[in-house]
Amino acid sequence: MRLAREARRSPVPHSWLRVFDVQRWGIVSVLVVLVAILGVVSPVFLSAGNLRNILQQVSTIGILATGATVLMIAGGIDLSIGSIISVAAVVMGTLIKAGTPAELAILVGLLIGCGIGFINGLLAAYTRAHPFILTLGTMTMFQGVAIIITEGFPITDLGRRFEWIGSARIWEVPVSVIILLLVMVVCYFLLRYMRLGRIAYAIGGNEYTTFLAGIPVRRYKILFYVIGGFFAGLASVVLASRISSAIPTMGADYTLQAIGAVVIGGVPLTGGRGSVWGTFTGVLLLGIIANGLNLLHVEASWQYVLTGFVILVAVILHEQRMGR
Numbered sequence: 553m554r555l556a557r558e559a560r561r562s563p564v565p566h567s568w569l570r571v572f573d574v575q576r577w578g579i580v581s582v583l584v585v586l587v588a589i590l591g592v593v594s595p596v597f598l599s600a601g602n603l604r605n606i607l608q609q610v611s612t613i614g615i616l617a618t619g620a621t622v623l624m625i626a627g628g629i630d631l632s633i634g635s636i637i638s639v640a641a642v643v644m645g646t647l648i649k650a651g652t653p654a655e656l657a658i659l660v661g662l663l664i665g666c667g668i669g670f671i672n673g674l675l676a677a678y679t680r681a682h683p684f685i686l687t688l689g690t691m692t693m694f695q696g697v698a699i700i701i702t703e704g705f706p707i708t709d710l711g712r713r714f715e716w717i718g719s720a721r722i723w724e725v726p727v728s729v730i731i732l733l734l735v736m737v738v739c740y741f742l743l744r745y746m747r748l749g750r751i752a753y754a755i756g757g758n759e760y761t762t763f764l765a766g767i768p769v770r771r772y773k774i775l776f777y778v779i780g781g782f783f784a785g786l787a788s789v790v791l792a793s794r795i796s797s798a799i800p801t802m803g804a805d806y807t808l809q810a811i812g813a814v815v816i817g818g819v820p821l822t823g824g825r826g827s828v829w830g831t832f833t834g835v836l837l838l839g840i841i842a843n844g845l846n847l848l849h850v851e852a853s854w855q856y857v858l859t860g861f862v863i864l865v866a867v868i869l870h871e872q873r874m875g876r
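This note's numbering runs 552 ahead of the 1-based position in the sequence shown.
Following this line, the structure appears as structure tokens:
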């Protein structure tokens with residue numbers, strides 16, 4: 553009963569009007585204006601091919617950010633998700649090069665994501681250290697593991713069966729985009745309609761009250777980290793298959809982008825609030841900015857500057873909206 557009351561207090565949307573709050577509507581407005589400007593400045597931007605390319609480009613960060621959304625709503629954070637991408641990719645690449653069927657290699661990659669998530673969950677649940685610091689350590693450690701496995705060299709030519717995920721289309725829609733949409737739908741229903749989702753909001757909203765309600769908080773914390781790790785492993789599959797390579801540092805830039813998209817979409821670092829669709833608006837915003845800057849031939853270094861600026865503004869606006 554206490555859990556139910558706590559879940560009702562937590563900001564789980566109860567109507568379609570609340571699916572998009574003020575912050576998300578603001579992001580949607582920015583997206584509309586940005587698309588209009590880029591459409592005028594670069595006619596190529598609104599072409600079907602480029603729009604499809606944007607969705608394909610954001611599929612990796614979208615899958616990664618969706619898993620991070622579930623975890624961050626529950627009050628956790630995992631900085632090692634980029635390293636999970638790297639480790640899973642080089643292990644899959646090594647297995648494929650050794651003659652392992654692509655399907656089995658993919659399964660191993662997903663299990664690696666779950667395994668690292670389980671380790672992070674254990675550390676977060678049974679130590680008093682902040683998960684930010686804990687996962688910063690595991691991020692560095694597993695990034696080193698990825699480099700050790702390949703001795704710093706990329707693994708290329710992973711085979712057509714593996715590359716199919718990143719290059720194939722179904723009715724002109726890239727398979728990677730279909731995977732992203734399925735992931736979002738599953739996580740949306742998990743957070744909105746399932747008991748596990750209510751527990752995530754409850755733990756993120758007030759962990760102690762949730763514990764008093766008889767919920768095994770530690771066990772669920774570990775589960776949420778495993779979920780985040782699984783989707784990081786899936787993101788690794790999509791990315792490695794799209795570029796047909798396993799690079800030991802390939803996930804390094806994705807942690808910032810994924811967590812940034814989640815924060816832009818309205819999930820606070822303290823947890824207890826947010827939604828999958830809010831995260832999707834954040835993912836689209838970052839993807840459109842990157843694509844637009846590429847079309848305008850802006851240097852990659854300035855893309856980092858602008859991405860960081862957008863994340864900073866989103867955090868400040870969120871804190872102001874919360875009255876802090």
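We put the CB at the ideal spot given by N, CA and C, even for glycine.
Being a predicted model, the structure only gives us computed values, none of them experimental.
Suppose contacts are defined by Cβ-Cβ distances below 8 Å. Is residue i in contact with residue j by that definition?
i    : j    : result
I625 : V819 : yes
S638 : T687 : no
M691 : G634 : yes
S728 : Q809 : no
S796 : I717 : no
R770 : A677 : yes
F776 : V622 : yes
I606 : I840 : yes
Taking buried to mean at least 16 other C-beta atoms within 10 Å of its own C-beta, is residue i buried or exposed?
i    : result
P683 : buried
L848 : exposed
I664 : buried
A681 : exposed
F782 : buried
Y806 : buried
Y745 : exposed
G812 : buried
T822 : exposed
I799 : buried
Y760 : exposed
T833 : buried
V865 : exposed
I767 : buried
For residue i and residue j, I'd like the C-alpha separation in whole angstroms.
i    : j    : result
R576 : G817 : Because the pLDDT at R576 is just 49, under 50, the model does not fix this residue reliably, and the point stays unresolved.
R750 : Y740 : 12 Å
S599 : I589 : 14 Å
I615 : L734 : 10 Å
G830 : Y772 : 23 Å
L858 : G803 : 20 Å
I774 : P595 : 48 Å
M784 : I636 : Met is not the amino acid found at residue 784; the sequence shown has Ala there. Those two C-alpha atoms are separated by around 6 Å.
A852 : G627 : 32 Å
A654 : A765 : 45 Å
E737 : V778 : The question names Glu, but residue 737 in the sequence shown is Val. If you take the alpha carbons of V737 and V778, they lie about 19 Å apart.
V862 : I629 : 20 Å
I671 : L836 : 31 Å
T652 : L791 : 19 Å
A650 : G696 : 22 Å
T801 : I707 : 12 Å
R712 : A720 : 10 Å
V593 : S611 : 25 Å
I579 : V587 : 12 Å
P726 : S827 : 25 Å
F705 : V850 : 29 Å
S581 : L742 : 27 Å
G661 : N846 : 31 Å
A752 : T679 : 20 Å
G673 : G689 : 13 Å
Would you kindly report the start and end of the unbroken alpha helix (DSSP H) that includes residue i?
i    : result
L502 : Summary: the structure shown does not reach residue 502, with the chain confined to residues 553 through 876, and so no result is reported for it.
T761 : E759 to L764
G834 : V828 to L847
T692 : P683 to T702
G824 : No alpha helix (DSSP H) contains G824, which DSSP labels as neither H nor E.
T807 : Y806 to I816
E655 : A654 to Y678
G645 : I633 to K649
S796 : Unbroken run through S796: none, as it is neither H nor E.
G718 : R712 to S719
F705 : F705 -> no alpha helix (DSSP H), and no H or E assigned at all.
I629 : No alpha helix (DSSP H) holds I629; DSSP gives it neither H nor E.
Ignore the nearest five residues each way along the sequence and tell me which others in residue i's own chain have a CB closer than 6 Å to its CB.
i    : result
A657 : M644, L647 and I648
G844 : L590
L617 : A small fix is needed here, since residue 617 is Ala in this sequence, not Leu. If we look at A617 and ignore the five residues flanking it on each side, its Cβ neighbours are A810, A813, V814, T831 and V835.
C666 : V778, G781 and F782
N602 : V596
A698 : S638, V639, V642 and P800
Could you pull out every residue in the same chain whose Cβ sits closer than 7 Å to the Cβ of residue i, ignoring the five residues on either side in sequence?
i    : result
S675 : Ser is not the amino acid found at residue 675; the sequence shown has Leu there. Counting only Cβ-Cβ distances below 7 Å, and skipping sequence neighbours, we find L686.
Less than 7 Å separating the Cβ of residue i from some heavy atom of the ligand ZN?
i    : result
N672 : Among the ligands in the structure shown, none appear at all, so the ligand ZN cannot be discussed.
Who are the Cβ neighbours of residue i in its own chain at under 8 Å, not counting the five residues just before and after it?
i    : result
F694 : S632, S635, I636, S638, V639 and I668
A842 : Q609, Q855 and T859
F897 : The displayed coordinates of the chain run from 553 to 876. Any statement about residue 897 would go beyond what the structure contains.
E724 : R604
I701 : V639, V642, V643, T646 and P800
I731 : S611, I615, I717, L786 and V790
L583 : T833, L836, L837 and I840
I722 : I730
Checking contacts by CB at 8 Å: is residue i closer than that to chain D?
i    : result
A677 : This model lacks chain D altogether; it includes just one protein chain.
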